[in-house]
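Below you'll find the structure, written out as structure tokens, and then a few comments.
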Amino acid sequence: MSDIKPENAAIVRRIEEKYSALGQDSTSYMKGFSYQRPVTYWDYVEVDTLLSLQKPRTDYPDEPIFIMYHQVTELLLKLIVHEIDQVVEADGVEADFFRVKMERVNRYAGILTQSFSVMREGMDYEQYNEFRLALAPASGFQSAQFRFIELKCTDVPLLLNHRVKGKMGAEAGFDALFNEMYWLDAGLDRKTGKKTQTLQMFLDRYLDAFKRCAVKMESRNLYTQFRKISSSAPGYEALKKSLRDFDHTYNVIWPLAHLKTAEYYLNSKGEGKAATGGSEWQKYLHPSYQRRIFFPDLWTKEELENWGNF
Ligand code: HEM
11 MSDIKPENAA IVRRIEEKYS ALGQDSTSYM KGFSYQRPVT YWDYVEVDTL
61 LSLQKPRTDY PDEPIFIMYH QVTELLLKLI VHEIDQVVEA DGVEADFFRV
111 KMERVNRYAG ILTQSFSVMR EGMDYEQYNE FRLALAPASG FQSAQFRFIE
161 LKCTDVPLLL NHRVKGKMGA EAGFDALFNE MYWLDAGLDR KTGKKTQTLQ
211 MFLDRYLDAF KRCAVKMESR NLYTQFRKIS SSAPGYEALK KSLRDFDHTY
261 NVIWPLAHLK TAEYYLNSKG EGKAATGGSE WQKYLHPSYQ RRIFFPDLWT
311 KEELENWGNF
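So for the sequence shown, this note's numbering puts the first residue at 11; every next one is plus one.
So this is what it looks like as structure tokens:
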């Protein structure tokens with residue numbers, strides 16, 4: 011060891027201790043380290059893989075914009091899930107830790123709303139209305155991360171349609187509650203009232219996973235975690251503000267930006283085109299119809315009554 015720098019010798023000792031505690035041969039691991047290729051940006055970020063994930067269904071030059079912006083959205087949703095998971099997995103979560111995570115979540119949600127102009131203004135109207143016809147019955151409605159975020163944020167009884175919300179609680183059981191999820195309203199055919207293929211395929215693919223998530227989150231979603239914190243705890247008011255900000259951005263500002271875009275492409279001449287998912291979208295997509303509110307205790311009676319209009 012005489013020609014090894016003292017600081018490196020200390021590191022080697024730590025590695026030996028680490029692997030011997032695990033009953034492993036540290037020499038093999040150290041050989042492995044010495045064989046490793048230098049890290050490159052393109053391998054680490056998986057640039058080639060990432061840039062190979064755009065597979066347009068038509069030759070319209072604006073279709074890749076549509077695909078990539080959805081992919082960017084899914085990555086931002088994944089960043090949101092990543093932060094929320096650290097709060098819902100924590101036992102005895104503290105207000106300051108919770109707030110820091112929510113501020114990150116709000117930063118990502120802010121990017122989602124500010125950047126939605128990529129959809130509204132960044133594609134050619136005519137092209138969009140052609141290439142979208144090749145995409146049915148797919149719809150952003152089928153974004154599973156969007157639904158997982160809801161389940162990680164709040165109680166299932168708060169995600170029901172307005173006809174039964176407040177009348178059905180957890181005692182009804184997940185099967186009954188899931189039959190009344192607010193988003194099923196988008197999955198009914200405008201003419202027949204039956205489940206659309208868009209909805210049926212989505213349920214076949216994800217319903218079990220949604221139910222498993224709901225069971226796990228019942229006692230630890232963000233709303234539940236918040237209610238475990240005493241209102242006299244340091245940082246409580248700042249946490250409350252960060253949760254209100256998220257509720258408003260995710261459940262009012264983003265839906266309105268999204269609806270405005272749908273109105274532009276599908277109804278600017280008052281023609282009320284059918285969406286790829288087949289929903290009664292003009293009614294359904296408005297936040298005042300959905301009334302999706304993750305943290306109702308944090309809003310005044312007046313704010314709740316005007317949900318979607320401020
Ligand atoms: C030109 C752009 C867009 C248009 C015209 C549009 C239109 C629509 C329409 C009409 C619906 C109702 C369901 C249906 O019948 O298909 C819907 C649902 C949805 N879309 Fe989009 N969309 C666009 C972009 C996006 C983007 C970029 C995302 C990001 C992932 C997205 C995510 C969603 C989600 C999550 C829903 C379900 C909303 C809910 O249940 O509240 N959409 N979209």
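Backbone N, C-alpha and C define an ideal beta-carbon position, used for all residues, glycine too. Bear in mind that the values here come from a model prediction, so they are computed numbers and not experimental data.
Contact test: residue i Cβ vs the ligand HEM heavy atom, cutoff 7 Å
i      : result
Leu295 : yes
Met406 : No answer is possible for residue 406: it lies beyond the span of the chain, which begins at 11 and ends at 320.
Trp193 : yes
Pro66  : no
Ser149 : yes
Gln137 : no
Trp291 : yes
Tyr216 : no
Leu198 : no
Ala285 : yes
Nonlocal neighbours in the same chain, by C-beta distance under 6 Å from residue i, ignoring five residues either side
i      : result
Phe108 : Val97 and Leu249
Sub-8 Å separation of residue i and residue j beta-carbons
i      : j      : result
Asp257 : Leu308 : yes
Tyr45  : Gln137 : no
Thr286 : Ser149 : yes
Leu169 : Arg302 : yes
Asn261 : Phe304 : yes
Leu269 : His296 : yes
Val128 : Tyr79  : yes
Met133 : Phe76  : yes
Ala224 : Leu266 : no
Tyr294 : Ala154 : no
Cutoff 8 Å; reference residue i; Cβ partners in own chain excluding five residues on either side
i     : result
Tyr51 : Val57
Ser30 : Ser36
Within-8 Å CB hit, residue i to chain E
i     : result
Glu84 : In the structure shown, chain E does not exist; there is a single protein chain.
Other residues of its chain near residue i: CB distance less than 7 Å, five sequence neighbours each side excluded
i      : result
Tyr339 : Lying before the first or after the last residue shown, residue 339 is absent from the chain, which here runs from 11 to 320.
Gly318 : Val262, His296, Pro297 and Ser298
Residue i: CB within 7 Å of a non-hydrogen atom of the ligand NAP
i      : result
Thr202 : Looking for the ligand NAP in the displayed structure turns up nothing; the ligands present are the ligand HEM.
(request) Could you say if the region 111-127 and the region 80-97 meet the contact criterion of at least three C-beta pairs nearer than 8 Å? (result) The region 111-127 is in contact with the region 80-97.
(message) Quick test of the definition: if touching needs 3 or more C-beta pairs under 8 Å, does the region 198-205 touch the region 181-189?
(response) Contact between the region 198-205 and the region 181-189 is absent, with fewer than three C-beta pairs closer than 8 Å.
(message) Quick test of the definition: if touching needs 3 or more C-beta pairs under 8 Å, does the region 221-236 touch the region 84-93?
(response) No, the region 221-236 is not in contact with the region 84-93.
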